[in-house]
Amino acid sequence: MESLVAGAARPRREAHVVADVTFDAVSFRYAASTTDVLDGVSLEFRAGEITWLFGPLGAGCTTLLLVAAGLAPRHTGGTLVGAVSLLGRDPQTTESARSGQIGFVTATPELQLSGIAATVWEEVAFTPANLGWPIERIRSAADRALGLLGIEHLAHRSPRTLSGGELQRTVIASMAVLQPKVWLLDEPASSLDQSGRIRTYELFRAEADAGAIVILA
Numbered sequence: 005m006e007s008l009v010a011g012a013a014r015p016r017r018e019a020h021v022v023a024d025v026t027f028d029a030v031s032f033r034y035a036a037s038t039t040d041v042l043d044g045v046s047l048e049f050r051a052g053e054i055t056w057l058f059g060p061l062g063a064g065c066t067t068l069l070l071v072a073a074g075l076a077p078r079h080t081g082g083t084l085v086g087a088v089s090l091l092g093r094d095p096q097t098t099e100s101a102r103s104g105q106i107g108f109v110t111a112t113p114e115l116q117l118s119g120i121a122a123t124v125w126e127e128v129a130f131t132p133a134n135l136g137w138p139i140e141r142i143r144s145a146a147d148r149a150l151g152l153l154g155i156e157h158l159a160h161r162s163p164r165t166l167s168g169g170e171l172q173r174t175v176i177a178s179m180a181v182l183q184p185k186v187w188l189l190d191e192p193a194s195s196l197d198q199s200g201r202i203r204t205y206e207l208f209r210a211e212a213d214a215g216a217i218v219i220l221a
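Just so it is clear: in the sequence shown, position 187 is 191 by my numbering, and no numbers are missing.
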């Protein structure tokens, strides 16, 4: 199987050098498979950097994001070997995503909707509300996130009426509202037009410049 290529990520360094997200000799195999999707991967991803993961279908780019987020194998099943550290902790045993440290955007944004929000604004505010943020902080952060993605005009629309590109930007806004320390992004601009892509990638660049880790596949 052909391997993924990480553009800008660095090979694993000596143990005394602390990176923000690290993979140390990580292999992963899905339960229904007889081969490893990830095979001995050792990489580090640092704050302030954007990393692109490249590879043919099946190379493991999406799987690497799932492992980094702590979703594989906890929710996908399978076997994980090696050590993964996310902000100094094992993502398999912590709830980083729930604390707002991770902004994870999948290639199927329609599956990331809460399913109960009546409007786009409520969708963006959903996770901060569940985290117990004060209402004024929620309002300010949600309005800011909508502005960053240029979707203020969609605030009162039902998420179920959105186009593919509008839906994609809504899901990204629902992560941006948290100002996460780590962005894990699987084809985040696949449904966007050129102007939408430019605006979205400008956001990711700004997040990295502010100290976030940004990993795209």
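Backbone N, C-alpha and C define an ideal beta-carbon position, used for all residues, glycine too.
Span separating the alpha-carbon of residue i from that of residue j
{"i": "G169", "j": "L196", "result": "5 Å"}
{"i": "F208", "j": "L188", "result": "11 Å"}
{"i": "I219", "j": "E53", "result": "8 Å"}
{"i": "A216", "j": "A122", "result": "30 Å"}
{"i": "E140", "j": "R148", "result": "12 Å"}
{"i": "L117", "j": "C65", "result": "23 Å"}
{"i": "A29", "j": "G44", "result": "4 Å"}
{"i": "G92", "j": "G74", "result": "13 Å"}
{"i": "T97", "j": "A76", "result": "12 Å"}
{"i": "A241", "j": "T26", "result": "The displayed coordinates of the chain run from 5 to 221. Any statement about residue 241 would go beyond what the structure contains."}
{"i": "T55", "j": "R143", "result": "31 Å"}
{"i": "S31", "j": "H157", "result": "44 Å"}
{"i": "F49", "j": "A180", "result": "20 Å"}
{"i": "I202", "j": "P192", "result": "12 Å"}
{"i": "A240", "j": "D213", "result": "The chain is shown from 5 up to 221; residue 240 falls before or after that span and cannot be answered."}
{"i": "L223", "j": "T67", "result": "Past the boundaries of the shown model lies residue 223; the chain is included only from 5 to 221, so the question cannot be answered."}
{"i": "D24", "j": "I155", "result": "31 Å"}
{"i": "L115", "j": "A129", "result": "17 Å"}
{"i": "A210", "j": "A63", "result": "29 Å"}
{"i": "E206", "j": "G59", "result": "23 Å"}
Beta-carbon separation (whole angstroms), residue i vs residue j, contact threshold 8 Å
{"i": "G200", "j": "R173", "result": "7 Å"}
{"i": "L90", "j": "A72", "result": "6 Å"}
{"i": "L150", "j": "A159", "result": "6 Å"}
{"i": "P95", "j": "E127", "result": "Not a contact, Cβ separation roughly 25 Å."}
{"i": "L171", "j": "P113", "result": "5 Å"}
{"i": "K88", "j": "D190", "result": "Checking the sequence shown, residue 88 turns out to be Val, not Lys. Going by Cβ atoms, the distance from V88 to D190 rounds to 17 Å, so no, they are not a contact pair."}
{"i": "D204", "j": "I176", "result": "Looking at the sequence provided, one finds Thr at residue 204 rather than Asp. About 6 Å separates the two Cβ atoms, so the contact holds."}
{"i": "A146", "j": "W125", "result": "6 Å"}
Beta-bridge pairing of residue i - partner residues as DSSP gives them
{"i": "S31", "result": "V85"}
{"i": "W187", "result": "G107 and V218"}
{"i": "V175", "result": "V175 pairs with nothing; no bridge assigned."}
{"i": "E206", "result": "E206 is not bridged to any residue."}
{"i": "I54", "result": "V218"}
{"i": "V45", "result": "V30"}
{"i": "R78", "result": "None, per the DSSP bridge assignment."}
{"i": "L90", "result": "V25 and R93"}
Buried versus exposed call for residue i [16 or more other C-beta atoms within 10 Å across all chains shown]
{"i": "I120", "result": "exposed"}
{"i": "L47", "result": "buried"}
{"i": "L70", "result": "buried"}
{"i": "T165", "result": "exposed"}
{"i": "S194", "result": "exposed"}
Test: residue i CB closer than 8 Å to a CB of chain C
{"i": "A193", "result": "Of the chains in the structure shown, none is chain C; there is only one protein chain."}
Would you call the segment 71-86 in contact with the segment 126-136, where contact means no fewer than 3 C-beta pairs closer than 8 Å?
With the cut-off at 8 Å, the segment 71-86 and the segment 126-136 do not touch.
Three or more beta-carbon pairs under 8 Å between the segment 36-46 and the segment 175-188, yes or no?
Contact fails between the segment 36-46 and the segment 175-188, because fewer than three Cβ pairs, one in each stretch, are under 8 Å apart.
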